[in-house]
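Engineer:
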Amino acid sequence: MAVKRKRTPPRWNKLNREIDNCAKCPRLITHCQEIATVKRKAYQDEDYWGGPVSNFGDPYAELLLVGLAPGAHGANRTGRMFTGDRSGDWLYKALHKSGFANQATSTHLKDGLALANCAITNICHCAPPQNKPTRDEILTCQPWFESLVTQLPVKVFLAFGQIAWRGVIDFMRDTEVYSGPIP
Numbered sequence: 243m244a245v246k247r248k249r250t251p252p253r254w255n256k257l258n259r260e261i262d263n264c265a266k267c268p269r270l271i272t273h274c275q276e277i278a279t280v281k282r283k284a285y286q287d288e289d290y291w292g293g294p295v296s297n298f299g300d301p302y303a304e305l306l307l308v309g310l311a312p313g314a315h316g317a318n319r320t321g322r323m324f325t326g327d328r329s330g331d332w333l334y335k336a337l338h339k340s341g342f343a344n345q346a347t348s349t350h351l352k353d354g355l356a357l358a359n360c361a362i363t364n365i366c367h368c369a370p371p372q373n374k375p376t377r378d379e380i381l382t383c384q385p386w387f388e389s390l391v392t393q394l395p396v397k398v399f400l401a402f403g404q405i406a407w408r409g410v411i412d413f414m415r416d417t418e419v420y421s422g423p424i425p
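Structure representation (structure tokens):
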């Protein structure tokens, strides 16, 4: 599948830079950096990203996939959503089969993966301890989600898990960005 490249809007890049540079949640930043230092044995020789993970995909996407948070040894290691872990193996294979990705694998940041009409974000942009962000940490990341949704022509939200689903539903109820039916 060939992915048509459009010019990336400056606001997409600006939002992702802001996420990459965020340090608003000390517990999460400390945890991400600790994981990057005390690495899983399988990744001892790799450099870890060790910080907030920004959005990935097509900045003109109509399909928005919403996860909970970066995987500790997946996205927190590679710097890209759902990359380098088992959930990413499954996800990108499905996206490729459905025509949303140019390849079925996602192993590292510069592996050539591109998405078409699909973007991926998380409710929380840092890997939390025990994969459980606090309510305050989720609320701290909420402006990133709102900013992303207001700049994409999203028609379909696909939330992975209860916390991501709740974040999408809360956003829809609390804003006027989306006016369709809410389950």
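The sequence shown begins at 243 in the working numbering and counts up one residue at a time.
We put the beta carbon where it would ideally sit given N, CA and C, even for glycine.
Given the structure is predicted, the values throughout are model-derived calculations rather than measurements.
1) Can you tell me whether R322 is buried or exposed? The criterion is at least 16 other CB atoms within 10 Å of its CB, across all chains shown.
2) Mind listing, in chain order, the continuous alpha helix (DSSP H) runs of no fewer than 4 residues lying wholly within the segment 339-398?
3) Pick out whichever of L390, G341, W332 has its Cα sitting closest to the Cα of T349.
4) To the nearest whole angstrom, what separates the beta carbons of N318 and A369, a pair I think is in contact under 8 Å?
5) Please state the DSSP three-state secondary structure of A434.
6) Would you be able to state if there are at least three C-beta pairs under 8 Å between the segment 370-382 and the segment 339-356?
7) Which residues in the same chain have their Cβ closer than 7 Å to the Cβ of P294, if we skip the five residues on either side of it in sequence?
8) For C267, collect the residues of the same chain with a Cβ closer than 6 Å to its Cβ; drop the 5 residues on either side in sequence, then sort them by chain order.
Structural biologist: The answer reads as follows:
1) Start at 1 with the first residue of the sequence shown, and residue 322 comes out as number 80. R322 should be labelled buried.
2) 377-393
3) One-based indexing of the sequence shown puts residue 349 at position 107. Of L390, G341, W332, the residue nearest in Cα terms is W332.
4) Locating residue 318 in the sequence shown gives position 76, where the first residue counts as 1. Locating residue 369 in the sequence shown gives position 127, where the first residue counts as 1. Indeed they touch by this definition, with Cβ atoms about 4 Å apart.
5) Examination of residue 434 is not possible in this model, given that the chain is present from 243 through 425 alone.
6) no
7) Here residue 294 corresponds to residue number 52 of the sequence shown, with the count starting at 1. Taken in chain order, the residues that qualify are I261, D262, C264, H367, C368.
8) Along the sequence shown, one-based indexing puts residue 267 at 25. Counting only Cβ-Cβ distances below 6 Å, and skipping sequence neighbours, we find E379, T382.
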